[in-house]
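**Q**
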């Protein structure tokens, strides 16, 4: 029990912002001086902040919904990149306490809108209607801002990130609780980086529910040889992307769990953690009650595929539900690289002849050169 309490104390020290959530970010270096990224998903809990900005006219760009234009008060976050404070980065919380980059220059807004239009595949008529709405806006003397969870290429370049892992901390001042912060990681990769997607609950763990709970008390409930398997992929220059339909409010506990896993002295390799940007209750309803995890994961994978910009980079995936297979197929992962695992550690995949093959993780390790 003492180790459990120490774990809780450590988590509380790292992130004081209650009911706040975040996910890791992947930045792609396209090699031509241009950068793209997955959304910077961050949300603070229901807190009262100091020194909010004056009410401004804001347009919030949404990937899967229409953009929203309204007046709201913003709260500026302080960002630390690899320990360095970056007050020059314009990152704000909106009235729902969701984080966004803020822009007021036409060239930046045009770049972002082009990205959103391409990803949502909106037709020309919708774009024209949106443009007409913008033209009707009154002149607010540069108080009009455009918010986006996806930054421009110029903003990403200004972050001065290094290849591989980078840390980012979001900090805000609250009226009663003082400084609140939450942190995650940014992974900078090349455009041709090979990626292997791994579900967490029921895939790394033997059970969707017991794995994380039992590991907190020091009991091992992970799949046999999973650490060795993922490390062999890592040695073959695969980036392991850990993905779950659980809410990003659970980021800290999920990251802590992955860091704790060790088998025969081998830990899970580092990799970004993608969680659902939905609220805790909403994500729980979709994952546990409705069992529609493929919807959440498909949306996250869609963000990733759009960021990478080419097909074939996501070269494998493993999950414990048929929904996982559906999500991976939507990301153009080949059938023979998709693995379905059960709590006994038995794995099923479909080969090139569309026939099912059964393995254990240990057997896959022995056939790594054939499969990967």
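In the UniProt record's numbering, the protein residues as written are 1 to 372.
Think of the CB as a built atom: it goes at the ideal place given N, C-alpha and C, for glycine as much as any other residue.
(1) How long is the line joining the alpha carbons of residue 81 and residue 159, rounded to whole angstroms?
(2) Thinking just about the alpha-carbon of each residue, which of 155, 74 and 201 is nearest to the one in residue 105?
(3) Just to confirm, is the Cβ distance from residue 324 to residue 199 under 8 Å?
(4) What distance in whole Å lies between the Cβ atoms of residue 319 and residue 301, which are believed to be in contact at a cut-off of 8 Å?
(5) Hey, out of 360, 335, 349 and 355, whose CA is closest to residue 343's CA?
(6) Starting from the C-beta of residue 265, find all residues in its chain whose C-beta is less than 6 Å away, skip the five residues before and the five after it, and write them out in chain order.
(7) I'd like the span of the beta strand (DSSP E) that includes residue 19, first residue to last.
(8) Residues in its own chain within less than 7 Å of residue 330 by CB, not counting five upstream and five downstream?
(9) Look up residue 369 in the DSSP assignment and say whether it is helix, strand or coil.
(10) Locate the beta strand (DSSP E) running through residue 360, then write down its first and last residues.
(11) Just verifying my parser: in three-state terms, what is the DSSP assignment at residue 205?
(12) Looking at the structure shown, is residue 264 part of a helix, part of a strand, or coil, going by DSSP?
(13) For residue 322, count neighbouring C-beta atoms within 10 Å of its own C-beta (all shown protein chains included) and say buried if the count is 16 or more, exposed if not.
(14) Quick one: grab the DSSP three-state call for residue 40.
(15) Spatial neighbours of residue 313 within its chain, please: C-beta separation below 7 Å, excluding the five flanking residues on both sides.
(16) Distance check for residue 236 and residue 364, CA to CA, integer angstroms please.
(17) Grab me the residues of residue 113's own chain with a C-beta within less than 6 Å of its C-beta, minus the 5 sequence neighbours each way, in chain order.
(18) What three-state label does DSSP hand residue 190 in the structure shown?
(19) By Cβ distance below 6 Å, which residues in the same chain neighbour residue 111 in space, the five residues on each side in sequence not counted?
(20) How big is the Cα-Cα spacing for residue 240 and residue 230?
(21) Run through the DSSP bridge pairs and tell me what residue 249 is partnered with.
(22) Hey, how far is the Cα of residue 274 from the Cα of residue 38?
(23) Return yes when the Cβ of residue 188 is within less than 8 Å of the Cβ of residue 166, no when it is not.
(24) Could you tell me the boundaries of the beta strand (DSSP E) in which residue 332 lies?
(25) By the 10 Å Cβ neighbour count, where 16 or more other Cβ atoms means buried, how is residue 101 classified, buried or exposed?
(26) Kindly identify the DSSP beta-bridge partner or partners of residue 25.
(27) From which residue to which residue does the alpha helix (DSSP H) around residue 233 run?
(28) Report the rounded CA-to-CA distance for residue 387 versus residue 225, giving the unit in angstroms.
**A** Inspection of the coordinates gives the following:
(1) 7 Å
(2) In this structure, 155 is the residue among 155, 74 and 201 with its C-alpha nearest to the C-alpha of residue 105.
(3) yes
(4) Contact doesn't hold; Cβ gap of about 12 Å is too wide.
(5) 360
(6) Answer for residue 265: no residue qualifies.
(7) If you look at residue 19, you'll find it isn't in any beta strand (DSSP E); DSSP assigns it neither H nor E.
(8) Hits under 7 Å: 298 and 301.
(9) helix
(10) 356-360
(11) In this structure, residue 205 counts as strand in the three-state DSSP scheme.
(12) coil
(13) exposed
(14) coil
(15) 192, 193, 194 and 195
(16) 14 Å
(17) None.
(18) strand
(19) So the list reads 152, once near-sequence residues are dropped.
(20) 7 Å
(21) According to DSSP, which records beta bridges pairwise, residue 249 is partnered with nothing at all.
(22) Approximately 10 Å, taken between the alpha carbons.
(23) yes
(24) Here residue 332 belongs to no beta strand (DSSP E), and DSSP marks it neither H nor E.
(25) buried
(26) 186
(27) 226-235
(28) Residue 387 lies beyond the residue range present for the chain, which begins at 1 and ends at 372; the question has no answer from this structure.
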